[in-house]
Structure formats: C-alpha cells, structure tokens
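Chains as they are written, first to last, in the numbering used here: chain A, 1 to 106; chain B, 107 to 212.
Note that CB positions come from ideal geometry on N, CA and C, so glycine has one too.
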C-alpha cells in the first residue's frame with residue numbers, strides 16, 4: 001500500500017507481521033497482493049501498511065480480536081499462510097498488539 | 107535492520123511509526139541510521155525493525171511505557187523528530203501499542 005493507513009480513535013488492534021523471504025519466493029508477490037485485497041473485505045478491517053527492503057513489514061489494523069480471528073480462519077488466507085510457511089518465508093514473526101494511542105502529522 | 111527482531115515473552119510495547127518522505131529528504135538516511143543506533147542504547151529497548159519502499163515502516167519494541175517516554179525525551183531524538191516534521195516527512199503516524207502475543211517460525 002502506498003499511503004499510511006487512516007485509522008479511527010484507539011483502542012483498536014494491530015497485527016505486526018515481519019518476514020524474511022527465501023531467495024526464490026516464486027508466486028509470493030501475487031499472493032501477498034491478493035491477501036491485502038481480501039483482508040480489506042473482512043468485517044472489522046481498518047487498514048493495512050506494507051513495506052519491504054531487506055525485511056518485509058506488514059501491519060494490518062483491526063477493530064477487535066474477533067475480526068483478527070475471522071481473518072485467520074478465512075480459507076484463502078489459511079492456504080496462503082501454508083504456502084508462506086512451506087515455500088516463501090525463511091523466517092517470520094507475528095505480533096498481535098492493542099493500539100493504545102496514535103498521533104501524527106495533521 | 108536486516109533481520110526480524112528477537113523479543114521476549116509478551117507483554118511488551120511496540121511503537122509503529124509509518125511515514126511518507128518528501129521528494130528531497132536530504133540528511134534523512136544518516137539521521138534515521140543514527141536514531142536506530144541510539145535507540146538501541148536506551149534502557150528498556152528490545153529491538154527494532156525497519157523497511158521502506160513506497161512508505162516507510164519502523165517498529166521499535168520496548169519493555170514498558172516508561173522506556174518509550176525516556177526515548178521520546180532523549181535530546182538527539184527530540185531534535186531528529188523536529189527535523190522530521192519540518193523537513194523530511196510529507197506525512198507520518200505514530201501508534202503506541204501493547205503486544206499481547208507473538209508467534210512465528212522456529
């Protein structure tokens with residue numbers, strides 16, 4: 001995504017996903033794009049931000065923990081995560097956090 | 107930073123910093139590098155991850171809110187943030203969040 005996400009007043013949740021790709025991660029980019037599109041259709045989705053150079057960081061924002069659980073159970077997302085674990089990621093971390101406050105440029 | 111951060115058992119805190127740079131952000135890279143080095147010297151610092159392509163995302167991890175406040179008050183960091191607001195960032199967001207759980211590849 002090309003712009004910082006616009007999110008509502010905290011509290012809400014952020015899923016911080018950090019990864020290092022394998023040298024040959026064929027098919028990864030298309031699936032990652034597709035997952036960003038699908039996530040945006042989920043109930044409770046608030047926004048997503050993603051950048052990659054040496055490592056990749058994707059932060060998705062959610063209304064509540066229930067929304068995160070539902071996205072985790074979404075069939076195409078389950079399959080994409082399996083592909084990620086088996087083929088694309090050399091290493092990855094997922095951190096589920098509760099955003100307490102937010103500020104920034106006007 | 108080139109690798110995902112290794113953090114302790116939650117709970118701990120994550121500061122999610124998202125930004126879009128101005129076309130000409132002269133001096134930004136050096137200062138950003140220096141701030142990553144200085145942050146790592148702070149009491150309560152747990153790790154940092156950073157990536158930039160269209161947008162930049164830097165996530166720093168902290169033991170507690172007091173550590174975040176102290177880093178925010180550090181003189182060189184205060185000055186760097188002023189430069190950021192005045193010269194480098196077209197837009198930025200800061201989100202302070204409490205990491206509740208974490209998992210990932212072995």
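Quick one: does the C-beta of residue i sit closer than 8 Å to a heavy atom of the ligand GTP?
i	result
residue 165 of chain B	Among the ligands in the structure shown, none appear at all, so the ligand GTP cannot be discussed.
Under 9 Å Cβ-Cβ, which residues of chain B neighbour residue i?
i	result
residue 67 of chain A	Neighbours of residue 67 of chain A on chain B: none; closest Cβ ~15 Å, over 9 Å.
Out of curiosity, what's the CA-to-CA distance linking residue i and residue j?
i	j	result
residue 56 of chain A	residue 185 of chain B	28 Å
residue 203 of chain B	residue 180 of chain B	20 Å
residue 167 of chain B	residue 26 of chain A	31 Å
residue 66 of chain A	residue 44 of chain A	8 Å
residue 8 of chain A	residue 103 of chain A	11 Å
residue 32 of chain A	residue 121 of chain B	24 Å
residue 127 of chain B	residue 58 of chain A	18 Å
residue 140 of chain B	residue 190 of chain B	13 Å
residue 40 of chain A	residue 68 of chain A	12 Å
residue 63 of chain A	residue 42 of chain A	11 Å
residue 29 of chain A	residue 176 of chain B	39 Å
residue 192 of chain B	residue 105 of chain A	11 Å
residue 159 of chain B	residue 188 of chain B	23 Å
residue 112 of chain B	residue 93 of chain A	9 Å
residue 23 of chain A	residue 182 of chain B	38 Å
residue 142 of chain B	residue 178 of chain B	13 Å
residue 201 of chain B	residue 157 of chain B	16 Å
residue 194 of chain B	residue 89 of chain A	33 Å
residue 205 of chain B	residue 99 of chain A	9 Å
Please report the Cβ distance between residue i and residue j, rounded to the nearest whole angstrom; I am assuming they are in contact, meaning their Cβ atoms lie under 8 Å.
i	j	result
residue 49 of chain A	residue 124 of chain B	5 Å
residue 46 of chain A	residue 12 of chain A	6 Å
residue 10 of chain A	residue 101 of chain A	6 Å
Which residues in chain A sit within 8 Å of residue i, going by Cβ to Cβ distance?
i	result
residue 120 of chain B	14, 16, 95 and 97
residue 110 of chain B	18, 19, 20, 55, 91, 92 and 93
So residue i contacts chain B; which residues on that side make the cut at Cβ distance below 8 Å?
i	result
residue 31 of chain A	Here the premise fails: no neighbours, minimum Cβ distance about 17 Å.
Is the CB of residue i under 9 Å away from at least one CB in chain E?
i	result
residue 8 of chain A	The structure shown contains no chain E; its protein chains are A and B.
Inset, instruction - Please go through the region 144 to 187 of chain B and give each complete alpha helix (DSSP H) segment of 4 or more residues, from N-terminal end onward. - result: 171 to 179
Inset, instruction - Please name the residues in the region 151 to 170 of chain B whose beta-carbon is closer than 7 Å to at least one beta-carbon of chain A, in chain order. - result: 155, 157, 158, 159, 160, 161, 162, 163 and 165
Inset, instruction - Mind checking the region 123 to 134 of chain B against chain A and listing, in chain order, the residues whose C-beta falls within less than 8 Å of any C-beta there? - result: 124, 125 and 126
Legend entry - Within 9 Å of chain A by C-beta, residues of the region 178 to 210 of chain B in sequence order: 191, 195, 196, 197, 198, 199, 200, 201, 202, 203, 204, 205, 206, 207, 208, 209 and 210
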